Structures are given as C-alpha cells and as structure tokens.
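Chemist:
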Amino acid sequence: MVERTGEHCVTSVPNRATFFVRFQVAPTTHNLHYSAVAGAYAACWVIADNEISAYSKARFFVAKGEWTVIDEEVPIVEVVEADFTDRDIGLAQFRVAQEKGIAIAYICWSLDGKSESGPMPFDQPQLFDLNTYVGRKKKLSKTGRCLHYASGEQCGEFISAHSIQKNGQLSVIAHEGHVYALSMNVGGIKKNDGGVSLVRHGIGGVSTFNGFCNRHDNELFAPIDKTPLVPTSEQVLLYAYRSLCREVFVKENALDLIESQIRDLPEGSAMRPTLDIMKAGTSISLENLRSHKSQFDLAISSKKYLDIEYLLFTSKQPQTVAFSGLFYPEFDFLGQPLQDLADPECRYDLLTFCSAPVQHGWGFLFAWQKSSAPTCRKFIGSLAAVIHEDQRAGADAMFRMVVSNCENTAFSPRWWERQSPDEKAAVIECLSRGVDLHVPIDPGYLSKGAEGVSQWEFDGVYAVYE
1 MVERTGEHCV
11 TSVPNRATFF
21 VRFQVAPTTH
31 NLHYSAVAGA
41 YAACWVIADN
51 EISAYSKARF
61 FVAKGEWTVI
71 DEEVPIVEVV
81 EADFTDRDIG
91 LAQFRVAQEK
101 GIAIAYICWS
111 LDGKSESGPM
121 PFDQPQLFDL
131 NTYVGRKKKL
141 SKTGRCLHYA
151 SGEQCGEFIS
161 AHSIQKNGQL
171 SVIAHEGHVY
181 ALSMNVGGIK
191 KNDGGVSLVR
201 HGIGGVSTFN
211 GFCNRHDNEL
221 FAPIDKTPLV
231 PTSEQVLLYA
241 YRSLCREVFV
251 KENALDLIES
261 QIRDLPEGSA
271 MRPTLDIMKA
281 GTSISLENLR
291 SHKSQFDLAI
301 SSKKYLDIEY
311 LLFTSKQPQT
321 VAFSGLFYPE
331 FDFLGQPLQD
341 LADPECRYDL
351 LTFCSAPVQH
361 GWGFLFAWQK
371 SSAPTCRKFI
381 GSLAAVIHED
391 QRAGADAMFR
401 MVVSNCENTA
411 FSPRWWERQS
421 PDEKAAVIEC
431 LSRGVDLHVP
441 IDPGYLSKGA
451 EGVSQWEFDG
461 VYAVYE
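Start counting the sequence shown at 1; every next residue gets the next number (the numbering used here).
#1: Do you know offhand how far G449's Cα is from C430's?
#2: Could you tell me the boundaries of the alpha helix (DSSP H) in which S315 lies?
#3: Specify the secondary structure class of L182 as computed by DSSP and reduced to three states.
#4: As an exercise, report each continuous alpha helix (DSSP H) stretch of at least 4 residues that is fully enclosed by the stretch 420-450, in chain order.
#5: In angstroms with no decimal places, state the Cα-to-Cα distance between D71 and F84.
#6: Use the C-beta contact count for G90: other C-beta atoms within 10 angstroms, 16 or more gives buried, fewer gives exposed.
#7: On the DSSP bridge assignment, give the partners of A103 in chain order.
#8: Let me confirm a value: S115 is counted as buried when at least 16 other C-beta atoms fall within 10 Å, else exposed. Which label applies?
#9: Tell me the residue span of the alpha helix (DSSP H) that contains L147.
#10: In whole angstroms, what separates the C-alpha of A97 from that of W45?
#11: Report the three-state DSSP secondary structure of F333 (helix, strand or coil).
#12: Using 8 Å as the cut-off, can you tell me whether the stretch 281-289 makes contact with the stretch 232-251, which would need three or more C-beta pairs spanning the two stretches below that distance?
#13: Can you grab the Cα-Cα spacing for the pair E389 / A397, in whole Å?
#14: Within 10 angstroms of its Cβ, does L383 collect 16 or more other Cβ (buried), or is it exposed?
#15: Can you give, in chain order, each stretch of the alpha helix (DSSP H) that sits fully within the stretch 28-81 and has at least 4 residues?
#16: For N210, report the span of its beta strand (DSSP E) as first-last.
#17: Compute the distance between the beta-carbons of S372 and A322, then report whether it is under 8 Å.
#18: In chain order, what residues of the same chain have a beta carbon less than 6 Å from the beta carbon of Q455, not counting five sequence neighbours either side?
#19: Ordered along the chain, which non-local residues of its own chain (more than five positions away) have a Cβ less than 8 Å from that of V512?
#20: Under DSSP, the alpha helix (DSSP H) around L244 begins and ends at which residues?
#21: How far does the alpha helix (DSSP H) with G177 in it reach, from first residue to last?
#22: Quickly, what does DSSP pair I159 with across the bridge? List them, please.
#23: Taking DSSP's pairing of strands, which residues face A463 in a bridge?
#24: I203 and V179: beta carbons closer than 8 Å?
#25: What is the DSSP secondary structure of H292, reduced to helix, strand or coil?
#26: Taking the C-alpha atoms as reference points, what is the distance between F19 and V62?
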C-alpha cells in the first residue's frame with residue numbers, strides 16, 4: 001500500500017487480520033474502578049499478523065489498563081465483521097479495532113457481587129503516551145558521547161556521524177538526495193497500528209548517531225571513509241567496530257528509556273512485570289555488546305587486526321540497498337539452532353554485517369571476532385550450503401537476513417518504487433519480523449520470504465576464516 005503524505009511517499013504494512021479473545025480479569029489497586037469493581041470480563045479485538053501476536057498484545061494492553069488476567073474465558077480466534085452482525089456492541093468494537101488497532105470492552109461486577117456494569121469500552125490507546133515515548137527517544141538519540149576506545153575529557157564536539165557512509169553509499173543509491181528508510185514518525189506509527197512503514201528521508205539524517213567526537217570519528221574511520229574496501233583486516237575491523245558502536249549507543253538509549261518508563265509507573269502496577277522483563281533482556285544484550293566492544297577496543301588500539309574473520313561478496317551491479325548492522329545468530333539459514341539467547345548466563349557470539357563500496361561496485365561484508373567463531377562459522381557454513389544448491393537462493397537469503405535483522409537500512413527510491421505491490425509487501429513483512437516483540441522468532445525465518453526481490457548477483461568472494 002502506497003500513500004502520498006506531502007512530498008514524502010509512505011509505504012506501509014499491508015492489512016492484517018482481526019482476532020478476538022476474552023479474559024476474566026481483576027482490577028489492581030491502581031485501576032480507576034478498584035473501589036467499585038471486584039472483577040470483569042475483558043473482550044478484546046486486536047489487529048495482528050497472527051494469533052500469537054494478537055494474544056500477547058491483548059494481555060499487554062489489559063495489563064496497561066491495570067487489570068490482572070485471572071483466566072482465559074474465550075480462546076483467541078480470528079474474526080470478521082460478519083461475526084458481529086447481530087451484536088451492536090461487538091460490531092462497534094470490531095470497527096474501533098480497525099481504526100485504532102485494538103478495542104477492549106469490559107463487563108464488570110461489583111464488590112458485593114449483586115450488580116453488573118457494562119460493557120464499558122475504555123480508551124486503551126491513551127494508556128500509552130506515544131508522543132512522550134518518542135519525545136524521550138529523540139532526546140536520548142541527540143545526547144552525544146564518544147565511544148572511541150580512548151575517549152575522555154579531550155573529546156569536545158560530538159557529531160551526528162553516519163554509520164552508513166553518506167558519500168560512498170547513501171549518495172550513490174539516493175534520488176534527489178533522498179532514500180527510503182524506516183519511519184519513526186509518531187503519526188506513521190499510529191496510522192500503521194504500531195507496524196512498520198518506509199518513508200523518503202533526506203540522506204543527511206539517515207543512519208546517523210551521536211556516538212563519536214569529531215576528531216575521533218575522522219581519525220579512526222579514515223581508512224574506510226576515504227578508501228574503497230580492498231579488503232584489509234584493518235578496514236574490516238573498522239566496519240565491524242562502527243556497526244558495534246552504533247548498536248551500543250542505541251541499546252544504551254533503549255535501556256534508559258525502559259528505566260524511565262518504570263520510574264513513571266505507580267508501585268504495584270500490572271505493567272511492572274512486563275517492563276522488568278524488557279529491562280532484563282535489554283541489560284543482558286547491552287552487557288554482551290560491551291563485552292564484545294572491549295575486545296574490539298583492544299584489537300584496534302593494539303593493531304591486532306588478525307583477530308577478525310570475515311567473508312566478503314562483491315557485485316558489479318548498481319547498489320540499491322545500503323545497510324550496517326549486527327545480531328546474535330540464533331538460527332542458521334537452514335533453520336537449525338546455533339545459540340540459546342534465552343540463557344542469561346550465555347556469552348552470545350556476535351556477527352556484524354554491512355554493505356561497503358569496493359573498487360568496481362559494492363560489497364556485502366560479514367565480519368566477526370575469532371571469539372565468536374563457533375557460532376559465526378556455522379552460520380556462514382549454512383549460507384554456503386544454500387548457495388551451493390542455488391546461487392540466486394543464496395542472494396535472496398542474504399537480502400532476507402538484512403531486512404529481517406537490520407533497521408539501519410536504506411533503499412534506493414528508484415529501485416523501491418518500481419517494485420510490485422506484492423514485492424513491497426514481502427519486504428515489509430520481513431522488516432516487521434524484528435519489530436513485533438510479542439511474537440517469538442520463527443526458526444526458519446531466514447529460509448523464506450521476499451524471494452526474487454533483490455535480484456542481487458555477486459561475482460567475487462573473499463574469505464578470511466578457518
């Protein structure tokens with residue numbers, strides 16, 4: 001679906017299904033109806049991609065209203081408008097859900113058990129102040145600091161540095177100075193019920209983060225900002241380091257944001273357990289990132305460039321997508337498990353990936369420290385197996401991996417706008433996989449989706465690992 005918003009073309013997630021579930025709930029002490037209500041039935045209509053996501057969102061928003069779920073009275077089921085033709089309230093709530101993404105109506109009973117009230121539709125979307133959330137997020141993103149291994153009092157002006165080169169990549173894929181990237185606009189998020197959308201951005205503000213001072217950024221990254229990727233081990237290490245520093249910056253801000261939300265909650269809030277889980281997960285991820293950064297800091301400061309392993313694919317095609325990211329590979333390209341990210345005691349192996357300008361075209365670079373080799377070599381081995389069977393399927397898998405794991409991605413407007421509606425929907429679906437926190441990861445998510453969209457072809461491979 002494509003919509004015009006001023007001068008910006010917005011591409012959003014396609015229509016999703018509507019699900020219904022009903023819970024038996026009880027009010028917490030912070031519920032506005034606590035003094036009069038003993039319990040209630042919470043009927044929920046939710047727009048979502050699947051049952052798991054819908055169920056999780058329903059419970060999440062019920063908790064936001066300061067209700068505790070006691071039991072599930074009606075299991076989650078997909079519904080359509082015709083299911084509520086003869087039920088005025090149900091039909092009205094179904095239509096509210098189409099507009100707002102969720103609708104919840106409560107049928108309550110009093111403390112004396114003799115009287116019943118309802119159904120009472122509460123304005124659930126107001127329970128989460130999206131404007132405040134995004135405002136805090138923007139403020140944190142503009143709070144500069146220097147993540148250079150030798151940072152200190154000498155670090156003066158913090159700059160908004162590009163994690164994807166502006167001159168070597170973004171300007172190459174741009175049209176009239178713009179690229180497509182994920183929207184963080186409040187209006188867009190609301191309009192898509194929290195789903196993802198792609199909008200045109202000026203390249204000056206794409207992929208930037210205030211994570212280095214001017215001097216350290218210019219000095220440290222000169223070997224990759226002023227010279228195409230050869231590759232040398234030093235260049236590879238710097239590309240990986242930049243991806244890592246950006247993720248540390250983003251994750252530190254995410255933790256601050258969660259902690260501020262927890263501070264805003266009244267004591268005993270039903271939302272506290274959910275936010276505590278989010279805080280714990282973010283803290284573990286950040287701790288692992290900092291551990292990896294310490295290794296990179298040591299390697300760069302001591303010039304131990306041989307501690308990096310990598311795989312580079314090169315292409316003479318015009319570049320259409322630019323990206324820089326990292327993740328902890330949980331499953332390989334064949335859907336096989338690699339490491340257990342649910343284990344808080346585990347040290348997660350880290351894989352970085354990015355696009356980069358090369359002498360004649362562009363490159364797709366995978367890189368990892370030798371300490372992460374046990375997982376990363378298996379991950380790359382599964383990609384080799386896919387490529388061995390079908391080179392085009394391998395290129396599709398690499399594109400799928402990027403759009404499923406990296407929000408720091410920019411798309412060429414000319415390339416994106418000539419894609420068919422089905423192809424755009426396939427890409428949006430992949431982008432959505434990493435956004436919906438209510439849905440567990442599908443082990444086979446790297447094996448299907450967006451087939452044939454990228455049309456990538458690689459003509460060279462450089463491998464430096466055992």
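From the three backbone atoms N, C-alpha and C, an ideal C-beta is built for every residue, glycine too.
Just so you know, these numbers come straight off a predicted model, no measurement behind them.
Modeler: For this structure:
#1: Reading the sequence shown from its first residue, position 449 is the one you call residue 449. Reading the sequence shown from its first residue, position 430 is the one you call residue 430. About 7 Å.
#2: Taking the sequence shown and counting its residues from 1, one reaches residue 315 at position 315. Not the alpha helix (DSSP H): S315 falls in the beta strand (DSSP E), residues I308 to S315.
#3: The count along the sequence shown starts at 1 and reaches residue 182 at position 182. DSSP places L182 in strand when its eight states are reduced to three.
#4: As summarised for the stretch 420-450, the continuous alpha helix (DSSP H) elements at least 4 residues long and confined to that stretch are 421-433, given in chain order.
#5: What you label residue 71 is simply residue 71 of the sequence shown in a count that begins at 1. What you label residue 84 is simply residue 84 of the sequence shown in a count that begins at 1. Rounded to the nearest angstrom, the two C-alpha atoms are 23 Å apart.
#6: Against the sequence shown, residue 90 aligns to sequence position 90. Burial call: buried.
#7: On the sequence shown, position 103 is the one that residue 103 refers to. Residue pairing by DSSP places A103 opposite W45 in a beta bridge.
#8: Along the sequence shown, read from residue 1 onward, the residue named residue 115 stands at position 115. Any reading at S115 needs caution, since the residue's pLDDT is 48, under 50, leaving its predicted position unreliable; the model's value is listed next. Answer is exposed; the Cβ neighbour count stays below 16.
#9: Translated into the one-based positions of the sequence shown, residue 147 becomes position 147. Taken as a continuous stretch (DSSP letters only), L147 belongs to no alpha helix (DSSP H), as it is neither H nor E.
#10: Translated into positions along the sequence shown, residue 97 becomes position 97. Translated into positions along the sequence shown, residue 45 becomes position 45. Roughly 6 Å between the two C-alpha positions.
#11: Taking the first residue of the sequence shown as position 1, residue 333 is located at position 333. Residue state, collapsed to three classes: coil.
#12: Contact between the stretch 281-289 and the stretch 232-251 is present, because at least three Cβ pairs lie under 8 Å.
#13: Sequence index remark: in the sequence shown, residue 389 carries index 389 (1-based). Sequence index remark: in the sequence shown, residue 397 carries index 397 (1-based). Distance from the CA of E389 to the CA of A397, rounded to the nearest whole angstrom, comes to 12 Å.
#14: As a position in the sequence shown, residue 383 is number 383, starting the count at 1. Label assigned to L383: buried.
#15: Listed in chain order, they are 51-64.
#16: Position 210 of the sequence shown, counting from 1, holds the residue named residue 210. That run of the beta strand (DSSP E) goes T208 to C213.
#17: Residue numbering aside, residue 372 sits at position 372 when the sequence shown is read from its first letter. Residue numbering aside, residue 322 sits at position 322 when the sequence shown is read from its first letter. For S372 and A322, no; Cβs fall outside 8 Å.
#18: As a first step, residue 455 must be located in the sequence shown, where it is residue number 455. The same chain holds no residue with a CB closer than 6 Å to that of Q455 once the five nearest residues on each side in sequence are set aside.
#19: Lying before the first or after the last residue shown, residue 512 is absent from the chain, which here runs from 1 to 466.
#20: On the sequence shown, residue 244 is found 244 positions in, with the first residue counted as 1. For L244, the enclosing alpha helix (DSSP H) has its first and last residue at S233 to D264.
#21: What you label residue 177 is simply residue 177 of the sequence shown in a count that begins at 1. Segment: none, G177 is in no alpha helix (DSSP H) and carries neither H nor E.
#22: By one-based count along the sequence shown, residue 159 stands at place 159. Its beta-bridge partners are F212.
#23: Numbered from its first residue, the sequence shown carries residue 463 at position 463. In DSSP, A463 forms a bridge with L311.
#24: Stepping through the sequence shown from its first residue, residue 203 is reached at position 203. Stepping through the sequence shown from its first residue, residue 179 is reached at position 179. The Cβ atoms of I203 and V179 sit closer than 8 Å to each other.
#25: Locating residue 292 in the sequence shown gives position 292, where the first residue counts as 1. Reduced to three states, the DSSP call for H292 is helix.
#26: Numbered from its first residue, the sequence shown carries residue 19 at position 19. Numbered from its first residue, the sequence shown carries residue 62 at position 62. In this structure, the CA atom of F19 is about 15 Å from the CA atom of V62.
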